[in-house]
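Remarks on the structure that follows.
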Amino acid sequence: MRIPVVALVGRPNVGKSTLFNRLLRRRQAVVDDTPGVTRDRHVGLTEWGGRSFYIIDTGGWDPAAREGIEARIAAQVGEALGECDAVLFLTDAREGLQPGDEEISRALRRLPAAPAVLLLVNKADSDRWETHGHEFHALGWDDTLAISAMDGRGLGEALDQLLTHLPAGGSMRAPAEGIRVAILGRPNVGKSSLTNRLIGKERVIVDERPGTTRDAIDVLWRWQGRTFWLIDTAGIRHRWGHLPGFEFYASLRSVRALDRSDVAILLIDASQKLSRQDQRIASIVEESGLPALVLVNKWDLVAKSTNTMRRHATELRRALSFLDYAPVLYVSALTGQRLSKIAPEIVKLYAESRRRVPTRELNDVLREAIQRNPPRGGRGRRPPKILYATQVRTGPPLIVLFTRRGERIGDAYRRYLARRFREAFGFAGSPLRLRVREAGRRGR
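According to our numbering, the residues represented by the sequence shown are 93 to 536, in order.
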């Protein structure tokens with residue numbers, strides 16, 4: 093049974109994202125006093141009174157906008173209104189009735205398939221401000237209620253009223269399962285352009301100015317019967333401590349997107365020199381333990397000569413040596429060059445990160461590696477002894493070495509063993525963790 097959809101609309105800074113987060117009972121959208129923080133559509137599933145419905149958070153709406161970022165936001169609002177069953181129209185009791193509220197009210201009345209509209213006068217967190225909200229009755233909507241999204245005042249009554257306008261829906265259910273892919277990179281490297289090109293429509297706003305995306309946006313992508321969730325993130329900037337509040341939280345959300353992802357894509361701008369910030373973001377990806385794919389975007393803008401790609405790949409590998417296990421693709425989100433290779437690569441990386449090797453096979457490779465190159469203890473010290481190994485975790489693969497005098501196993505020898513395990517078992521695109529544990533003298 094289809095689950096109803098509710099859209100949140102209103103002028104900038106009336107509290108749509110605050111209400112969205114309260115309805116979802118978690119901080120999914122960035123909230124800040126700066127107008128215009130929300131630009132793209134956020135979607136979340138919630139429940140009230142035993143009924144479930146989707147909520148769509150939208151950016152500040154100017155129905156008269158015809159160009160620039162405001163027109164793109166208006167197009168996003170139009171998409172939300174085209175698929176919703178009801179609208180929560182938010183206004184601001186403290187600012188009073190504004191011309192922008194009247195424009196939005198007229199635009200809602202002009203919709204061809206008019207959904208039910210509830211006018212919510214937000215920021216009415218006391219009787220005084222609730223009284224000020226009576227002027228919004230002039231807009232002529234039958235359902236006009238005063239609420240406070242910040243503390244929940246009046247929200248129960250508003251949601252009870254909302255349910256009377258929603259069609260019958262199913263019980264609460266989780267979103268479609270799929271591989272979750274976080275797309276990270278510096279501002280303006282083409283993350284949103286890549287997302288839109290992969291799904292075949294403009295789902296997230298693209299603009300040539302850096303910092304257009306200000307939050308992590310989950311976008312559904314289907315490819316040959318498989319489901320993916322692309323998480324388009326805000327560009328991670330260099331100095332977080334000097335950023336405005338919403339930009340700081342946007343960068344933080346970008347990093348935290350890795351916590352709910354299965355695969356990470358690091359996007360590099362081929363038209364610019366590799367920067368320290370690229371290296372820093374790559375180190376964040378490596379530390380996350382996710383299988384990684386490096387995409388060098390805007391390859392169409394690079395002047396080509398003999399072995400251009402090979403030379404660039406050599407420099408890239410040298411700069412990102414700690415991410416040497418990640419495959420690299422040279423693509424163009426603008427022209428679609430090599431984008432068809434991304435989905436198969438993601439599927440492969442996801443499968444390899446969850447590969448589990450039987451202990452017997454693992455130890456066969458370990459014994460051979462030790463015979464070829466036994467560990468050394470250093471001058472005047474007994475060498476360490478590796479008794480056996482076992483894989484204890486996937487995603488990323490974690491192999492524990494049970495040893496005697498394991499503290500004498502250096503980083504170089506760990507890298508040697510990891511390389512031997514990769515040659516034997518793959519683990520393509522995944523960081524391979526090796527942990528040394530001192531074996532008890534009793535037992536084995």
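Where a beta carbon is used, it is the ideal one built from N, C-alpha and C, also for glycine.
Determine the closest residue to residue i out of the options, with distance taken between C-alpha atoms.
i, options, result
"ARG164", "CYS176, LEU173, GLY151", "GLY151"
"GLY381", "GLY292, ASP370, ARG446", "ARG446"
"GLY283", "ARG345, ALA238, LEU358, GLN371", "The sequence shown places Lys at residue 283, not Gly. Closest option to LYS283, Cα to Cα, is LEU358."
"GLU356", "LEU393, ARG496, VAL273, GLY248", "In the sequence under discussion, the amino acid at residue 356 is Ala, which differs from the Glu named in the question. Here the closest residue by C-alpha is VAL273."
"GLY518", "ARG448, GLU175, ILE271, ALA156", "ARG448"
"ILE497", "SER353, GLY469, TYR508", "Note on residue identity: the sequence assigns Arg, not Ile, to residue 497. Taking only the C-alpha atoms, the option nearest ARG497 is GLY469."
"LEU276", "ASP193, ASP370, GLU162, ALA238", "ASP370"
"ARG511", "ASN465, ALA156, SER240, VAL484", "ASN465"
"GLY521", "ALA531, PHE320, ALA418", "ALA418"
"TRP321", "ARG133, ALA405, ILE271", "ILE271"
"ALA374", "TRP391, LYS396, LEU412", "LEU412"
"PRO467", "ALA166, ASN455, LEU509, PHE513", "LEU509"
"ASP243", "ASN113, ILE360, PRO475, ALA230", "ASN113"
"ALA516", "LYS365, LEU458, ASP361", "LEU458"
"HIS404", "PHE414, ASN455, GLN364", "GLN364"
In terms of residues, what are the limits of the beta strand (DSSP E) holding residue i?
i, result
"ASN389", "384-389"
"GLN483", "477-485"
"GLU139", "134-140"
"TYR508", "Per DSSP, TYR508 belongs to no beta strand (DSSP E); it is in the alpha helix (DSSP H), 503-517."
"TYR417", "Counting along the chain, TYR417 falls outside any beta strand (DSSP E), and DSSP gives it neither H nor E."
"THR223", "Careful: THR223 lies outside any beta strand (DSSP E), inside the alpha helix (DSSP H) at 219-224."
Compute the beta-carbon to beta-carbon distance between residue i and residue j, rounded to the nearest angstrom, for a pair I have assumed lies under 8 Å.
i, j, result
"LEU210", "GLY107", "Incorrect: roughly 15 Å between the Cβ atoms, too far for contact."
"GLY246", "ALA206", "The pair is not a contact, with the Cβ atoms about 25 Å apart (cut-off 8 Å)."
"VAL439", "ARG318", "7 Å"
Leaving out the 5 sequence neighbours to the left and right, which residues in its chain are closer than 6 Å to residue i when beta-carbon positions are compared?
i, result
"ARG527", "VAL492"
"LEU115", "THR138, ILE147"
"ARG348", "none"
"ALA185", "VAL213, LYS215, ALA216, TRP221, HIS224, GLY225"
"VAL123", "Low confidence applies to VAL123: its pLDDT is 43, below 50, so where it sits in the model is not reliable enough to give any reading."
"ARG278", "GLY327, GLN369"
"GLY192", "ARG103"
"TYR480", "ASN455, PHE494"
With a threshold of 7 Å on Cβ separation, who are the neighbours of residue i within its own chain once the five nearest residues in sequence on each side are excluded?
i, result
"PHE228", "THR183, LEU189, LEU211, VAL213, THR236"
"GLU444", "PRO383, GLY518, PHE519, ALA520, GLY521, SER522"
"PRO476", "PRO467, GLY469, THR495, ARG496, ARG497, GLY498, ARG500, ILE501"
Could you name the residues of the same chain whose beta carbon sits closer than 8 Å to that of residue i, not counting the 5 residues immediately before and after it, in chain order?
i, result
"VAL49", "No answer is possible for residue 49: it lies beyond the span of the chain, which begins at 93 and ends at 536."
"TRP233", "PHE181, SER197, VAL209, LEU210, LEU211"
"LEU421", "LEU385, VAL386, LEU387, VAL388, ARG430, LYS433, ILE434, GLU437"
"VAL98", "PHE145, TYR146, ILE147, ILE148, CYS176, ASP177, ALA178, VAL179, LEU180, LEU254, LEU258"
"GLY136", "PHE112, LEU115, LEU116, GLN120, TYR146, ILE147, ASP149"
"ILE291", "VAL311, LEU312, TRP313, LEU322"
Considering residue i, what are the terminal residues of the alpha helix (DSSP H) in which it resides?
i, result
"GLY248", "247-255"
"GLY102", "Element bounds for GLY102: not the alpha helix (DSSP H) but the beta strand (DSSP E), 97-102."
"ALA157", "Premise fails: ALA157 is in no alpha helix (DSSP H) and is neither H nor E."
"THR451", "451-464"
Report yes if the C-beta of residue i is less than 7 Å from at least one heavy atom of the ligand MG; otherwise report no.
i, result
"ARG446", "Although the ligand MG was asked about, the structure shown includes no ligands whatsoever."
**Message:** If contact is defined by three or more beta carbon pairs under 8 Å, each pair taking one atom from either stretch, is the stretch 484-498 in contact with the stretch 411-429?
**Reply:** no
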